[in-house]
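Each remark here refers to the structure printed beneath this line.
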Ligand SMILES: Nc1ncnc2c1ncn2[C@@H]1O[C@H](COP(=O)(O)OP(=O)(O)OP(=O)(O)O)[C@@H](O)[C@H]1O
Ligand SMILES: [Mg+2]
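Right, here's the structure in full:
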């Protein structure tokens with residue numbers, strides 16, 4: 004089932020007589036009860052899109068549907084959703100209990116009802132032993148849970164989150180991330196989460212939606228996005244280090260040729276390839292390049308030890324290739340190495356449009 008449906012959303016801002024087009028035809032289906040992450044670099048309109056769903060910003064064109072109902076004319080308070088911002092503002096002078104109870108007090112609910120709701124949600128979020136504390140006396144992750152408890156206490160099933168972890172330090176962030184993912188599964192709520200951090204998106208999401216140039220470029224599960232990017236832009240944006248992209252020529256469906264080197268294309272890849280010949284872009288992930296075998300010779304130009312693996316930069320003529328080597332054997336700078344680019348995970352893109360040439 005679809006929880007939120009965005010149909011052809013347009014939004015531009017006028018700034019000093021200049022018009023900035025931010026969203027130009029966003030179509031997106033956000034499934035019910037899942038964790039959907041909208042991923043885009045900074046300034047691409049993530050917050051704007053989230054604010055349009057929440058009703059805090061009005062789109063120039065297009066429709067927002069929640070639970071199948073068009074909510075274009077609904078003010079934020081009638082959209083039955085909650086939003087958690089980057090700084091998840093909790094009131095510093097109120098106790099955890101009073102922070103969570105706040106939205107219910109505004110509704111003038113009877114005291115016993117408030118008490119029950121606050122304790123139930125606090126228990127679900129495992130902050131029930133902390134109800135007497137002030138936000139100052141909590142860890143970042145606990146504070147985040149208080150903010151979430153407060154946003155969900157009214158029984159809201161749709162939670163919008165705008166980079167809520169960005170002001171936590173790296174270690175806490177990893178913890179808070181894991182907690183948030185478990186929480187979503189436990190409560191079965193729909194989360195729409197925006198971030199510019201692709202590793203965060205990969206870890207958290209059931210579905211990743213990539214926003215680029217005002218449109219949703221792709222939406223799929225994280226692994227499919229990683230393995231079968233729809234275009235070279237996504238291939239370069241997802242994955243760290245990014246996918247290697249090499250321009251060259253396709254010879255029938257059997258081999259790919261660049262700088263006089265020939266790469267054999269495995270039958271499983273050829274089977275999914277929609278193009279037969281001519282110029283293409285070949286894509287291979289750094290971990291799929293085999294080192295020490297194969298006929299292509301390259302020179303190591305940089306060695307970056309990452310602990311369990313090593314990132315190598317290798318030059319094959321003018322082509323630069325990044326390789327993740329999993330063995331810890333010392334690899335020396337300037338050394339000549341053999342590499343094998345023939346991989347079951349290789350993909351191809353159109354050399355002009357950058358669009359994928361692979362069947363999904
Ligand atoms: N009220 C406004 N007036 C004019 N321009 C705006 C306004 N709000 C946002 N913009 C512009 O719209 C674009 C998108 O902004 P938005 O905040 O949605 O980006 P974002 O993807 O959330 O970025 P970040 O990752 O940095 O938070 C930016 O170029 C921004 O400068
Ligand atoms: Mg933003």
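In the numbering used here, the protein residues as written are 4 to 363. Ideal Cβ placement from N, Cα and C applies to all residues, glycine included.
*Spell out a yes or no on whether the region 286-296 and the region 343-351 are touching, meaning 3 or more CB-CB pairs, one atom from each, closer than 8 Å.*
yes
*Indicate, with yes or no, if ligand 2 has a heavy atom lying under 7 Å from the CB of residue 165.*
In the chain shown, counting from the first residue as 1, residue 165 sits at position 162. For ligand 2, at least one heavy atom lies less than 7 Å from the Cβ of residue 165.
*Should the region 49-66 be regarded as contacting the region 158-174, the criterion being three or more beta carbon pairs within less than 8 Å?*
Flag = yes, the region 49-66 and the region 158-174 touch.
*residue 204: beta carbon under 7 Å from a heavy atom of ligand 1?*
Position 201 of the chain shown, counting from 1, holds the residue named residue 204. Outside the cutoff, so no.
_Which of the three DSSP states is assigned to residue 125 in this structure?_
Locating residue 125 in the chain shown gives position 122, counting from the first residue. Helix.
*What residue from 8, 127, 78 has the CA that sits closest to residue 71's CA?*
For the purposes of this step, residue 71 is identified with residue 68 of the chain shown, where counting begins at 1. With distances taken between Cα atoms, residue 71 lies closest to 8.
*Mapping DSSP to helix, strand and coil, what is residue 118?*
Taking the first residue of the chain shown as 1, we reach residue 118 at position 115. Here residue 118 sits in helix by DSSP.
*Using 8 Å as the threshold, is the region 205-215 in touch with the region 35-44, meaning 3 or more CB pairs across them?*
yes
*asked:* Give me the residue from 28, 284, 357, 268 with the minimum Cα distance to residue 322.
replied: For this step, residue 322 is matched to residue 319 along the chain shown. Closest by alpha carbon: 284.
*Let me know the secondary structure DSSP gives residue 113 once reduced to three states.*
For the purposes of this step, residue 113 is identified with residue 110 of the chain shown, where counting begins at 1. Coil.
*CB residue 300 to CB residue 337, shorter than 8 Å?*
By 1-based counting over the chain shown, the position of residue 300 is 297. By 1-based counting over the chain shown, the position of residue 337 is 334. Not in contact: residue 300 and residue 337 (Cβ atoms no closer than 8 Å).
*Looking at the structure shown, is residue 229 part of a helix, part of a strand, or coil, going by DSSP?*
The residue labelled residue 229 in the question sits at position 226 within the chain shown. Of the three classes helix, strand and coil, the one that applies to residue 229 here is helix, per DSSP.
_Check whether residue 6 and residue 33 have beta carbons under 8 Å apart_ = The residue labelled residue 6 in the question sits at position 3 within the chain shown. The residue labelled residue 33 in the question sits at position 30 within the chain shown. It is a contact, given that the beta carbons lie within the stated cut-off.
*Determine, using beta carbons only, whether residue 229 and residue 213 come nearer to each other than 8 Å.*
Residue numbering aside, residue 229 sits at position 226 when the chain shown is read from its first letter. Residue numbering aside, residue 213 sits at position 210 when the chain shown is read from its first letter. Result no, Cβ atoms of residue 229 and residue 213 do not sit closer than 8 Å.
_residue 4, DSSP secondary structure in three states_ = Position 1 of the chain shown, counted from the first residue, corresponds to residue 4. Of the three classes helix, strand and coil, the one that applies to residue 4 here is coil, per DSSP.
*Out of curiosity, what's the CA-to-CA distance linking residue 244 and residue 282?*
For the purposes of this step, residue 244 is identified with residue 241 of the chain shown, where counting begins at 1. For the purposes of this step, residue 282 is identified with residue 279 of the chain shown, where counting begins at 1. So the two alpha carbons sit approximately 25 Å from each other.
*Using 7 Å as the cut-off, classify the Cβ of residue 50 as near or not near the heavy atoms of ligand 2, replying yes or no.*
In the chain shown, counting from the first residue as 1, residue 50 sits at position 47. At a cut-off of 7 Å, the beta-carbon of residue 50 counts as near ligand 2: some heavy atom of the ligand is closer than that.
*May I ask you to report which of helix, strand or coil DSSP gives residue 291?*
As a working mapping, residue 291 is identified with position 288 in the chain shown. Correct three-state label for residue 291: helix.
*Flag residue 43 as yes when its Cβ comes closer than 7 Å to any non-hydrogen atom of ligand 1, and as no otherwise.*
Within the chain shown, residue 43 is the residue found at index 40, counting from 1. Relative to ligand 1, the beta carbon of residue 43 is positioned inside 7 Å of a heavy atom.
*Count the other CB atoms, across all protein chains shown, that sit within 10 Å of the CB of residue 247; report buried if there are 16 or more and exposed otherwise.*
Taking the chain shown and counting its residues from 1, the one referred to as residue 247 is at position 244. It is buried - the Cβ of residue 247 has at least 16 other Cβ atoms within 10 Å.
*Spatial neighbours of residue 225 in its chain, beta-carbon cut-off 6 Å, leaving aside the 5 residues before and after*: In the chain shown, counting from the first residue as 1, residue 225 sits at position 222. Closer than 6 Å at Cβ, skipping near neighbours: 205, 208, 211.
*asked:* For the beta strand (DSSP E) containing residue 34, name the first residue and the last one.
replied: Locating residue 34 in the chain shown gives position 31, counting from the first residue. Looking at the DSSP string, the run of the beta strand (DSSP E) that includes residue 34 is 21-34.
*asked:* Can you check which of these residues, 131, 191, 117, is closest to residue 160 by C-alpha distance?
replied: Position 157 of the chain shown, counting from 1, holds the residue named residue 160. Closest by alpha carbon: 191.
*Look up residue 281 in the DSSP assignment and give the residues it is bridged to.*
Taking the chain shown and counting its residues from 1, one reaches residue 281 at position 278. Among the bridge pairs identified by DSSP, residue 281 is matched with 253.
*residue 87 versus residue 162: straight-line alpha-carbon distance, rounded*: What you label residue 87 is simply residue 84 of the chain shown in a count that begins at 1. What you label residue 162 is simply residue 159 of the chain shown in a count that begins at 1. About 7 Å.
_According to DSSP, simplified to helix, strand and coil, what is residue 240?_
On the chain shown, residue 240 is found 237 positions in, with the first residue counted as 1. Helix, per DSSP.
*Are there three or more Cβ pairs, one per stretch, closer than 8 Å when the region 172-189 is compared with the region 140-157?*
Per the Cβ contact rule, the region 172-189 is in contact with the region 140-157 (3 or more Cβ pairs under 8 Å).
_residue 299 (DSSP reduced to helix, strand or coil)_ = To locate residue 299, count along the chain shown from 1; it is residue 296. Of the three classes helix, strand and coil, the one that applies to residue 299 here is strand, per DSSP.
_Own chain, CB closer than 6 Å to residue 272, minus 5 neighbours either side, in chain order_ = Indexing the chain shown from 1 puts residue 272 at position 269. So the qualifying residues of the chain are 349.
*Inspect the beta-carbon positions of residue 317 and residue 326 and report whether they are closer than 8 Å.*
Here residue 317 is taken as the residue at index 314 of the chain shown, counted from 1. Here residue 326 is taken as the residue at index 323 of the chain shown, counted from 1. Yes; because the gap between Cβ atoms is below 8 Å, this pair is in contact.
*Straight-line CA distance for residue 277 to residue 353?*
In the chain shown, counting from the first residue as 1, residue 277 sits at position 274. In the chain shown, counting from the first residue as 1, residue 353 sits at position 350. Rounded to the nearest angstrom, the two C-alpha atoms are 10 Å apart.
*Which two residues bound the contiguous alpha helix (DSSP H) that contains residue 56?*
On the chain shown, position 53 is the one that residue 56 refers to. From DSSP, the alpha helix (DSSP H) with residue 56 extends over 49-57.
*Can you have a look at residue 185 and say buried or exposed, based on whether 16 or more other CB atoms are within 10 angstroms of its CB?*
Start at 1 with the first residue of the chain shown, and residue 185 comes out as number 182. So residue 185 ends up on the exposed side.
*If we call anything under 8 Å between Cβ atoms a contact, is residue 56 one with residue 29?*
Position 53 of the chain shown, counting from 1, holds the residue named residue 56. Position 26 of the chain shown, counting from 1, holds the residue named residue 29. Their beta carbons are not under 8 Å apart, which means residue 56 does not touch residue 29 by this criterion.
*DSSP beta-bridge partners of residue 321*: Mapped onto the chain shown, residue 321 falls at position 318. In DSSP, residue 321 forms no bridge with anything.
_Please report the straight-line C-alpha distance between residue 98 and residue 133, rounded to a whole angstrom._
For this step, residue 98 is matched to residue 95 along the chain shown. For this step, residue 133 is matched to residue 130 along the chain shown. Between residue 98 and residue 133, the C-alpha separation is close to 9 Å.
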